[in-house]
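In order, the protein sequence lines correspond to chains A and B. The opening residue of the first sequence carries number 1 in our numbering; numbering runs sequentially from there. The opening residue of the second sequence carries number 1001 in our numbering; numbering runs sequentially from there. Worksheet: the structure to be examined is printed underneath.
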Amino acid sequence: MAQIKVEALDKSFGDFHAVKSASFTVEDGQFLCLLGPSGCGKTTTLRMIAGLELPTAGTIRLDGEDVTMNRASARDIAFVFQLFALYPHMNVRQNIGFPLKCEGMGAAERDRRVVEAARILRISHLLDRSVSGLAGGDRQRVALGRAIVRKPKCFLMDEPLGALDTEMREAMIHELRALHDRLGATTVYVTHDQLEAMAMADRIAVMNNGVVEQVASPRDIYDRPASLFVADFIGSPPMNFLPFRGGLQTGAEAIRLGERDVAIPPAREAMAESELVLGVRPEHVRFTDRGMVRGEVYGTEYLGTTQIVTVTTSYGALKARSPSSRSFRTGETVGLDFRPDTLSIFDKASGRAIRTALHEGAAHG
Amino acid sequence: MTSATSAHSVVEPTATTRRFAGSLVVLYAIITMIPLVWIMLTAFKSPDDAISYPPKVLFKPSLEGFCNLFTTRSRQTPEFIRSLGPPQGMCDEIARSRNMVVAGPSNYVPRFVNSLIIAFGSTVLAVALGTLSAYGFSRFRVPLKDDLLFFILSTRMMPPIAVAIPIYLMYRTIGLSDTRLGMILLYTSVNVSLAVWLLKGFIDEIPREYEEAAMIDGYTRFQAFVKVVLPQATTGIAATAIFCLIFAWNEYAFAVLLTSGNAQTAPPFIPIIIGEGGQDWPAVAAGTTLFLIPIVVFTVLLRKHLLRGITFGAVRK
């Protein structure tokens, strides 16, 4: 097992700058998700760690050793592909044993390891089957078996659940996390699905347009987004944004939104008068007649225990999460209030979150 | 699906359509088979039956054509023939009935062997080179890739015979004319463009993840190519090999121009088998019939791959 350290990694394909100075560290035994929309550079980053692509600049260290230009086979890592990449001309046993065969391991020892890996993944009964007849989930288990059988320094997974149907994916999320807890292997997992990332990861690195926007625990990513992009990408529905113009003094505890003051977590930095954005999660919007923002109910989405209420205001449509027990009439005028300690403020020009007391609970790094 | 539901299906052909299409295919097969059947029948006719008019469909089968194909004969006086001992073998007997004796073996077998060596040699070479370059074009960022591929294809655009005279002169100068090596190189260069294009299509269809997985698991790229890509490309390789072999096996124009004694292949040899009083049609037909066998065997052996190979890419599960 190993620590993975990625420093100022850059990758260009011709004119296309796929990864821009990406830096993050995956501690030994940690499960890191690279999360972002398609084309954000997350898969390219993973492939560079694997050695399937060579970076244009930057370094990759495995346990302190610079492996940036090493061949993939010399890095002692395992890679799980989205489309499984099981060799169709081999059966399950041969597929799982393939990496050991590459190493030149003897048949007896190899078989022992294959059987053990199959037992861990509960596919012992499939060992002599052809891979082409397997269901999606079993194929992915075989692919995982091929990864764990070698006991590599770390696992790299490129959307391994992307090809599975929803039900199977749910089950595999738990299985993967349980497998990780059991093996304690350093894992980098690429996905565009925030639910997968939230459910499995110790830490999430959110990427956009080749830039790592934030690396933090799922909780910090959700509660303390470092940028407008992260706030918008994470959460369903995403964070509400209320643009306003104003400045901030260090220690300021309120901002001026229209004619009213809105309490915020005390600012920890000063901001000259500029275009700012107030960010508020739908679940932190409260309905109150004396609310600071007023608007008309546009519609509701019923989600079981909660509902999402869309309210048209002078700041645009805001979404609020409310218990389903409460009923709303379309067109009804409502007042909205925000929970002050949860609000985020962003600089509109750079998209960066302005430091407030909100961030003080956040893990640094 | 039962026939009742398929009759109502919009996408499934109806029973009538299927029957119509089936009979068209059978009709086409019969039309294309007629010359082939005619040749095979002629191979077993006597020289007189072969040229009789109207053509005989029913006749007394004879192996004279095959005897004439494999032997050379000389005409002798009946007295001389009577003075000889008993005939040695069936062919001698047939020859003596026509006042001839078998003088020795004909050139058919060496020509046939030349054909085998040249056709299979050039096929192996073309497929090997084609597979490697197709893999390179498919997987690597080759500078001017599209131009190079077009250039390779463009060698097929003129009739090969257009370059026959330059090649003849070149071969004479460098000593390759009338050699098997010369013919192998020539057919390889003609076939390699077809092989590159066909195989590139097949290799493009093989997901890169397979090699990448193998490379992560400890193989070098070349090992991954041999152990992972090649087994999956067998379909394409088989289909390509058949096309290359058919071309090299049947090629006539270059063979006529560039070979004579040593390296002559069967196609230029067969039509000039002369018997007494002109073309020996049963011998020509016998030579042609035997000449068909290797390619039929090869195609039958690879037919499973061939069928999948031709539809590969168009229909994917």
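Quick reminder that beta carbons are idealized off the backbone N, C-alpha and C, glycines included.
At which residues does the beta strand (DSSP E) containing residue 158/A begin and terminate?
-> For residue 158/A, the uninterrupted beta strand (DSSP E) segment begins and ends at 154-158.
Examine chain A for any beta-carbon lying closer than 8 Å to the beta-carbon of residue 1204/B, and answer yes or no.
-> Chain A, which has no Cβ nearer than 8 Å to the Cβ of residue 1204/B, makes this no.
Hey, residue 344/A and residue 353/A: beta-carbon distance below 8 Å or not?
-> Going by C-beta atoms, residue 344/A is nearer than 8 Å to residue 353/A.
Interface residues of chain B around residue 87/A at Cβ under 7 Å?
-> Simply 1210, 1228.
Opening and closing residue of the beta strand (DSSP E) in which residue 319/A lies | 316-323 is the span of the beta strand (DSSP E), which, as asked, contains residue 319/A.
Check whether the region 1191-1200 of chain B touches the region 1123-1139 of chain B, counting contact only when three or more Cβ pairs, one atom from each stretch, lie closer than 8 Å.
-> With three or more CB-CB distances shorter than 8 Å, the region 1191-1200 of chain B counts as touching the region 1123-1139 of chain B.
Of all the alpha helix (DSSP H) runs that stay within the bounds of the region 1240-1297 of chain B, which reach a length of 4 or more residues?
-> Runs found: 1253-1258, 1266-1269.
Please list, in chain order, all residues of the same chain as residue 301/A whose beta carbon is under 7 Å from its beta carbon, the five residues on each side excluded.
-> Excluding positions up to five away in sequence, the list reads 307, 308.
Would residue 1281/B pass as a contact of residue 1042/B if the rule is Cβ separation under 8 Å?
-> Closer than 8 Å, so yes.
Which chain B residues are close to residue 77/A, counting only those with a beta carbon under 8 Å from its beta carbon?
-> Listed along the chain, the chain B residues whose CB falls inside 8 Å of the CB of residue 77/A are 1216.
Per-residue contacts from residue 33/A into chain B (C-beta, under 9 Å) | Listed along chain B is no residue with a C-beta nearer than 9 Å to that of residue 33/A; the closest approach is about 20 Å.
Can residue 139/A and residue 121/A be called in contact, C-beta distance under 8 Å?
-> A distance of 8 Å or more separates the beta carbons of residue 139/A and residue 121/A.
So does the region 323-336 of chain A actually touch the region 192-206 of chain A, counting three or more Cβ pairs closer than 8 Å?
-> No contact exists between the region 323-336 of chain A and the region 192-206 of chain A.
Whole angstroms is fine: what's the gap from residue 1017/B's alpha carbon to residue 1159/B's?
-> So the alpha carbons of these two residues sit roughly 39 Å apart.
Taking the C-alpha atoms as reference points, what is the distance between residue 1314/B and residue 1200/B?
-> Confidence at residue 1314/B is low in this model, with a pLDDT of 39, below 50, so the placement of that residue should be treated as unreliable; the coordinate-derived value is given next. Distance between the alpha carbons of residue 1314/B and residue 1200/B: 15 Å.
If you draw a straight line from the alpha carbon of residue 290/A to that of residue 334/A, how long is it in whole angstroms?
-> Going from the Cα of residue 290/A to the Cα of residue 334/A covers about 9 Å.
Is the beta carbon of residue 1098/B sitting closer than 8 Å to the one on residue 1081/B?
-> Result no, Cβ atoms of residue 1098/B and residue 1081/B do not sit closer than 8 Å.
Is the shortest distance between the beta-carbon of residue 53/A and the beta-carbons of chain B less than 8 Å?
-> Any Cβ of chain B closer than 8 Å to the Cβ of residue 53/A would place that residue at the interface, and such an atom is absent.
Interface flag, residue 1305/B vs chain A, CB-CB below 8 Å = Not one beta carbon of chain A lies nearer than 8 Å to the beta carbon of residue 1305/B.
N- and C-terminal bounds of the alpha helix (DSSP H) containing residue 1156/B = It is not in any alpha helix (DSSP H) - residue 1156/B carries neither H nor E in the DSSP assignment.
Going along the chain, which residues of its own chain have a beta-carbon closer than 6 Å to the beta-carbon of residue 1155/B, five neighbours each way excluded?
-> In the same chain as residue 1155/B, and ignoring 5 residues on each side of it, the C-beta atoms closer than 6 Å to its own belong to 1193, in chain order.
Does the separation of the CB atoms of residue 1023/B and residue 1045/B fall below 8 Å?
-> Not closer than 8 Å, so no.
Ignore the nearest five residues each way along the sequence and tell me which others in residue 198/A's own chain have a CB closer than 7 Å to its CB.
-> In the same chain as residue 198/A, and ignoring 5 residues on each side of it, the C-beta atoms closer than 7 Å to its own belong to 218, in chain order.
Alpha carbon to alpha carbon, how far is residue 299/A from residue 337/A?
-> C-alpha separation (whole angstroms): 18 Å.
Between residue 158/A and residue 45/A, is the Cβ-Cβ spacing less than 8 Å?
-> Taking C-beta atoms as the reference points, residue 158/A and residue 45/A fail to come closer than 8 Å.
Which first and last residues belong to the alpha helix (DSSP H) in which residue 1081/B is found?
-> For residue 1081/B, the uninterrupted alpha helix (DSSP H) run begins and ends at 1078-1083, by DSSP.
Simplified DSSP assignment, three categories, for residue 75/A | Note: residue 75/A maps to coil in three-state DSSP.
Looking at the unbroken alpha helix (DSSP H) that takes in residue 275/A, where does it start and where does it end?
-> Unbroken run through residue 275/A is the beta strand (DSSP E), 271-280; no alpha helix (DSSP H).
For residue 5/A, the three-state DSSP class (helix, strand or coil) | In this structure, residue 5/A counts as strand in the three-state DSSP scheme.
Going by Cα to Cα distance, which pick from 34/A, 341/A, 313/A, 342/A is closest to residue 331/A?
-> Of the candidates 34/A, 341/A, 313/A, 342/A, the one whose C-alpha sits nearest the C-alpha of residue 331/A is 313/A.
State yes or no: is the beta carbon of residue 1213/B nearer than 8 Å to at least one beta carbon in chain A?
-> Taking Cβ atoms only, chain A reaches closer than 8 Å to residue 1213/B, which makes this a yes.
Of all Cβ atoms in chain C, is any one closer than 8 Å to the Cβ of residue 103/A?
-> Reference to chain C is not applicable here, since the protein chains of this structure are A and B.
Whole angstroms is fine: what's the gap from residue 1003/B's alpha carbon to residue 17/A's?
-> Confidence in residue 1003/B is poor, its pLDDT being 46 and thus under 50, which makes the residue's placement too unreliable to answer from.
With 8 Å set as the bound, which would you pick, yes or no: does the beta-carbon of residue 99/A sit closer than that to a beta-carbon of chain B?
-> Output row for residue 99/A: interface = yes.
Just the chain A side, please: which residues come within less than 7 Å of residue 1219/B by C-beta, in chain order?
-> Within chain A, the residues near residue 1219/B are 73, 102.
Name, in chain order, the residues that DSSP records as bridge partners for residue 180/A.
-> Here residue 180/A is not bridged, per DSSP, to any residue.
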